[in-house]
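Read through the structure below, which is laid out as structure tokens, and then see the notes.
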Amino acid sequence: MADQNSDQDKTEEPSARKLEKAREDGNVSISKEISSLMVLVASMLSFLAIGKTIALTMQGEFRRYFIRSASLVENVEDANALFKESLLTGFGMLIPFLGILMITVLVVNLGQTNALFSLKSLQLKPSKMNPISGLKKIFSLKGLVELIKGLLKLAIVGFIGYFSVKSNLDFFVAFIVQPLEYTMVEIGSHVVAFIGKILGALFILSIADAAFQRFQHRKELRMTKQEVKDEFKEMEGDPRLKSQRRQFGLKLRNRPRLDHAVLAADVVITNPTHYAVCLQYDPEKSDAPTVLVKGQRLRALRIKELAKEYGTPIVENKPVARALFATAEEGDIIPNDLFKAVAEILAYVFKQKNRSKHNKHGE
Numbered sequence: 072m073a074d075q076n077s078d079q080d081k082t083e084e085p086s087a088r089k090l091e092k093a094r095e096d097g098n099v100s101i102s103k104e105i106s107s108l109m110v111l112v113a114s115m116l117s118f119l120a121i122g123k124t125i126a127l128t129m130q131g132e133f134r135r136y137f138i139r140s141a142s143l144v145e146n147v148e149d150a151n152a153l154f155k156e157s158l159l160t161g162f163g164m165l166i167p168f169l170g171i172l173m174i175t176v177l178v179v180n181l182g183q184t185n186a187l188f189s190l191k192s193l194q195l196k197p198s199k200m201n202p203i204s205g206l207k208k209i210f211s212l213k214g215l216v217e218l219i220k221g222l223l224k225l226a227i228v229g230f231i232g233y234f235s236v237k238s239n240l241d242f243f244v245a246f247i248v249q250p251l252e253y254t255m256v257e258i259g260s261h262v263v264a265f266i267g268k269i270l271g272a273l274f275i276l277s278i279a280d281a282a283f284q285r286f287q288h289r290k291e292l293r294m295t296k297q298e299v300k301d302e303f304k305e306m307e308g309d310p311r312l313k314s315q316r317r318q319f320g321l322k323l324r325n326r327p328r329l330d331h332a333v334l335a336a337d338v339v340i341t342n343p344t345h346y347a348v349c350l351q352y353d354p355e356k357s358d359a360p361t362v363l364v365k366g367q368r369l370r371a372l373r374i375k376e377l378a379k380e381y382g383t384p385i386v387e388n389k390p391v392a393r394a395l396f397a398t399a400e401e402g403d404i405i406p407n408d409l410f411k412a413v414a415e416i417l418a419y420v421f422k423q424k425n426r427s428k429h430n431k432h433g434e
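If you read the sequence shown in this note's numbering, its first letter stands for residue 72, the second for the next number, and so on.
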């Protein structure tokens, strides 16, 4: 009763995430009728293409085996060798036929599952070993549909076979007085027509089965309203993570504009193209230089372009730029272990600025 109520509560269509998870577990919609039909079609086409060659080759093997066996066989070992040789020859003739069937099965199943290959569905689970679960499947709607499909296939074969024989009864009776070779040749076209009619009827059945399997698959994956809510919460994340994302967004929003930061910087330290860090040193605001902005790759190139445009000094120092980018966030002062290296860079920059000012006044 609990399971029945649970199924009745599943009124929501499966979400994209649940469908994807089911696919990862190997749980996809697949019609066995389509697979069986395509195997039959491939068998028929293969028979029409290479059946005559196989028949002639087998005929030659039987003739060689039975007519020449007296001259080829002198003891038991010779008989065994000849028999094994004939079996290998016969199996070799069937290899192309069997190969076509294997490729057909593989292509059809991969086509139905959109090229899915998963071993999870082959894993042993307690639910698969439970006989009660097996009985439930037999007496479920799915089991009833499988029974109806089996009866339909028997009815289709019987119906088509009955009317095919009835409509050609005089032709089949005439075979009784005809030579065997003539009978085998003439009956071939009737057999092909008979199989073609069956395949046409099974094609309609397989299309209906594929539609039902898709409907049943989505029905089994339906969700309750609570499952939809839980999945949404899981995708959105818990309140703590949402708060962290909000804080990160505010931090990004409050970051200074890149062009303003570069204009206000005292120096831009580069790597030369991978990293760029803008530093400002104002003794009245802090005791150590502050990281205004920093960038990597394209952002680093943009910082360098702005620095050249605004005349902000650029100093290439790979280890310092890499260390600053990795250890200091925007708006923070630089780490203690980088004081000395940064102080030397700033001293050099300020010295160049003073010399430039001195040269201008001297002129």
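All C-beta atoms, glycine included, are put in the ideal place defined by N, C-alpha and C.
Note that this is a predicted model, so its numbers are computed, not measured.
Per-residue DSSP class, three states only, for threonine 82: It is coil, neither helix nor strand.
Valine 364 versus leucine 350 - alpha carbon distance: For the pair valine 364 and leucine 350, the Cα-to-Cα distance works out to about 8 Å.
Contact the region 264-272 vs the region 82-102: 3+ CB pairs below 8 Å: Verdict: no, contact absent.
Three-state class that DSSP yields for alanine 347 in the structure shown: In the structure shown, alanine 347 sits in a strand (DSSP, three-state: E or B).
Cut-off 7 Å between Cβ atoms - residues of its own chain near asparagine 325, not counting five sequence neighbours on either side: The predicted position of asparagine 325 is uncertain, since its pLDDT is 48 and thus under 50; no value can be drawn from it.
Own chain, CB closer than 6 Å to isoleucine 404, minus 5 neighbours either side, in chain order: Ser357, Ala359, Thr361, listed in sequence order.
Beta strand (DSSP E) segment containing aspartate 362, residue limits: Here residue 362 turns out to be valine, not aspartate, going by the sequence shown. 361-367 is the span of the beta strand (DSSP E), which, as asked, contains valine 362.
Residue burial classification, tyrosine 346 (beta-carbon count within 10 angstroms, cutoff 16): Here tyrosine 346 is buried, its C-beta having at least 16 other C-beta atoms within 10 Å.
Sub-7 Å separation of valine 348 and leucine 377 beta-carbons: No; because the gap between Cβ atoms is not below 7 Å, this pair is not in contact.
7 Å CB neighbourhood of leucine 90 in its chain, flanking five on each side removed: Cβ within range, chain order: Leu292.
Enclosing beta strand (DSSP E) for threonine 341 [first to last residue]: Here the beta strand (DSSP E) through threonine 341 covers 338-341.
Three-state secondary structure (DSSP) of isoleucine 405: If DSSP states are grouped into helix, strand and coil, isoleucine 405 belongs with coil.
Limits of the alpha helix (DSSP H) - the one that valine 391 falls within: It spans 389-398 - the alpha helix (DSSP H) in which valine 391 sits, taken as one unbroken run.
Contact the region 411-419 vs the region 367-382: 3+ CB pairs below 8 Å: Proximity of the region 411-419 to the region 367-382 falls short of the contact definition, fewer than three beta-carbon pairs being nearer than 8 Å.
Residues that isoleucine 385 bridges to, as DSSP identifies them: Val339, per the DSSP bridge assignment.
Beta-carbon spacing of tyrosine 352, aspartate 330 below 7 Å: Annotated as distal: tyrosine 352 and aspartate 330, with beta-carbon spacing of 7 Å or more.
Chain-order list of residues whose beta-carbon lies under 8 Å from that of valine 299 (same chain, five-residue window excluded): Around valine 299: Glu83, Ser86.
CB contact check: asparagine 151 to chain C, cutoff 7 Å: No chain C appears in this structure, which consists of one protein chain only.
Contact set for threonine 383: own chain, Cβ-Cβ below 6 Å, skip 5 residues either direction: Closer than 6 Å at Cβ, skipping near neighbours: Val333, Ala336, Val339.
Whole-angstrom distance between valine 147 and phenylalanine 162, CA atom to CA atom: Whole-angstrom Cα-Cα distance: 22 Å.
Sequence-distant residues of the same chain with beta carbon closer than 7 Å to lysine 92, five excluded per side: Excluding sequence positions up to five before and after lysine 92, its CB lies less than 7 Å from no other CB in the same chain.
Length of the line joining the Cα atoms of arginine 328 and glutamate 401: When rounded, the distance between both Cα atoms is 12 Å.
Opening and closing residue of the alpha helix (DSSP H) in which leucine 292 lies: Element bounds for leucine 292: n/a, residue is neither H nor E.
When Asp280, Met115, Ser114, Thr160 are compared against arginine 135, the one with the closest alpha-carbon: Comparing Cα positions, the closest option is Thr160.
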